[in-house]
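Report on the structure given below.
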Amino acid sequence: MAGQAQIIDGKAVAEQVRAQVARDVANLKNSHGITPGLAVVIVGEDPASQVYVRNKGKQTTAAGMKSVEHKLPATVSELKLLELVGELNRADDIHGILVQLPLPKHIDAAKVIEAIDPLKDVDGFHPVNVGRLSIGARALVPCTPAGCMILAKTVKPSLEGLDAIVIGRSNIVGKPLAQLLLAAGCTVTVAHSKTRDLPAQVRRADLVMAAVGRPEFVRGDWIKPGAIVIDVGINRVTGADGRDKLVGDVAYDEAAKVAGAITPVPGGVGPMTIACLLRNTLEAARGVAGDVG
Ligand code: GUN
Numbered sequence: 558m559a560g561q562a563q564i565i566d567g568k569a570v571a572e573q574v575r576a577q578v579a580r581d582v583a584n585l586k587n588s589h590g591i592t593p594g595l596a597v598v599i600v601g602e603d604p605a606s607q608v609y610v611r612n613k614g615k616q617t618t619a620a621g622m623k624s625v626e627h628k629l630p631a632t633v634s635e636l637k638l639l640e641l642v643g644e645l646n647r648a649d650d651i652h653g654i655l656v657q658l659p660l661p662k663h664i665d666a667a668k669v670i671e672a673i674d675p676l677k678d679v680d681g682f683h684p685v686n687v688g689r690l691s692i693g694a695r696a697l698v699p700c701t702p703a704g705c706m707i708l709a710k711t712v713k714p715s716l717e718g719l720d721a722i723v724i725g726r727s728n729i730v731g732k733p734l735a736q737l738l739l740a741a742g743c744t745v746t747v748a749h750s751k752t753r754d755l756p757a758q759v760r761r762a763d764l765v766m767a768a769v770g771r772p773e774f775v776r777g778d779w780i781k782p783g784a785i786v787i788d789v790g791i792n793r794v795t796g797a798d799g800r801d802k803l804v805g806d807v808a809y810d811e812a813a814k815v816a817g818a819i820t821p822v823p824g825g826v827g828p829m830t831i832a833c834l835l836r837n838t839l840e841a842a843r844g845v846a847g848d849v850g
């Protein structure tokens, strides 16, 4: 029977997270006179990044925070960008700094990330936050993985003891997600392009987190009946009708027949990223990093 799985509504959950952030921002203003400030730096004219940055700005303001945008030309030097990061590090009214990735080839992204004050690193990409997350210390946690955890916990508040598989090992999603799952008490497999017999690995998992960036890569017959499926992928493909559409890394219709719960694309993980970014900015403004797990 088609569509048996519970559909996890990322849009609704993200709205709840944003509403909570907005309440906490109002309290922080009242109690300490602090308005959290987020600075977003965008280099070049990548259209997808422009849309994303515009959405970030709108949602930041809607949550009662200060939003600052720095647009730099694609030709900007690495030194100029590092100088801007330095200025933002020193700015008292800026609590979160996000440098939109990808950066042009002539700029060393790792160097830029390491220049950000770890206490303002709302992306959670700085090696200090990566390290703190891996030892279970308080850290600013990358936004998309944090959003995935919130969504999984809407289905099952305790993930302890579950067999989880993360498909993908990127620094932005796969690796931090594996750390969060470990911290939540899961037994974690991290699969990647060299993994042997991936379908068999996925079939053992109670919790599947797909972050490979390949359209409908994970098939329905790989899914263990009743599993929770979180799909991080956002892939633009041309449909049978010749029109562009967005699909995830999971073949949704197939998987929804087998899974216990599944996130749709769009409307699943996507909306959670900015919601978690706002949460991180609030945490940074409070002067403490967010909880792990
Ligand atoms: N580009 C796409 N997603 C992200 C993100 O979460 N953070 C940054 N800095 N750049 C991105």
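Following this note's numbering, the numbering of the sequence shown begins with 558 at its first residue and continues without gaps. Just so you know, even glycine gets a beta-carbon here, dropped at the ideal spot from N, CA and C.
Residue environment, residue i, which counts as buried when at least 16 other CB atoms sit within 10 Å
| i | result |
| --- | --- |
| Ser588 | exposed |
| His663 | exposed |
| Ala696 | buried |
| Leu636 | exposed |
| Glu640 | exposed |
| Asn624 | Sequence inspection shows Ser at residue 624; the Asn mentioned does not correspond to that position. Ser624 should be labelled buried. |
| Gly653 | buried |
| Ile692 | exposed |
| Glu602 | exposed |
| Ala562 | buried |
| Ala631 | exposed |
| Gln657 | buried |
| Glu717 | exposed |
| Glu644 | exposed |
| Thr618 | exposed |
| Cys833 | buried |
| His749 | exposed |
Residue j beta carbon less than 8 Å from that of residue i
| i | j | result |
| --- | --- | --- |
| Gly725 | Ala762 | no |
| Leu835 | Gln616 | yes |
| Val600 | Leu660 | yes |
| Val730 | Val775 | no |
| Thr830 | Leu595 | no |
| Ile787 | Val826 | yes |
| Gly621 | Val597 | no |
| Thr711 | Ile564 | no |
| Arg753 | Trp779 | no |
| Leu655 | Asp680 | yes |
| Ala638 | Val669 | The residue asked about is misnamed: residue 638 is Leu in this sequence, not Ala. It is a contact, given that the beta carbons lie within the stated cut-off. |
| Gly567 | Leu708 | yes |
| Ala667 | Val642 | no |
| Val747 | Val723 | yes |
| Gly790 | Gly777 | no |
| Leu676 | Arg843 | no |
| Val815 | Pro772 | no |
| Cys743 | Ala721 | yes |
| Leu719 | Leu764 | yes |
| Tyr809 | Pro821 | yes |
Beta-ladder partner(s) of residue i, from DSSP
| i | result |
| --- | --- |
| Glu626 | Val597 |
| Asp720 | Thr744 |
| Gln563 | Ala818 |
| Ile785 | Leu764, Ala818 |
| Ile654 | Ala596, Asp678 |
| Thr838 | Looking at the DSSP assignment, Thr838 forms no beta bridge with any residue, so it has no partner. |
| Thr752 | In the DSSP output, where bridge partners are listed per residue, Thr752 has none listed. |
| Arg695 | Beta-bridge pairing links Arg695 to no other residue. |
| Thr795 | Asp801 |
| Val775 | Val807 |
Can at least three beta-carbon pairs, one atom from the region 730–750 and one from the region 696–703, be found at a separation below 8 Å?
yes
Touch test, the region 792–801 against the region 567–582, Cβ-Cβ under 8 Å, three pairs minimum
no
Given 8 Å, three or more beta-carbon pairs between the region 797–816 and the region 642–658:
no
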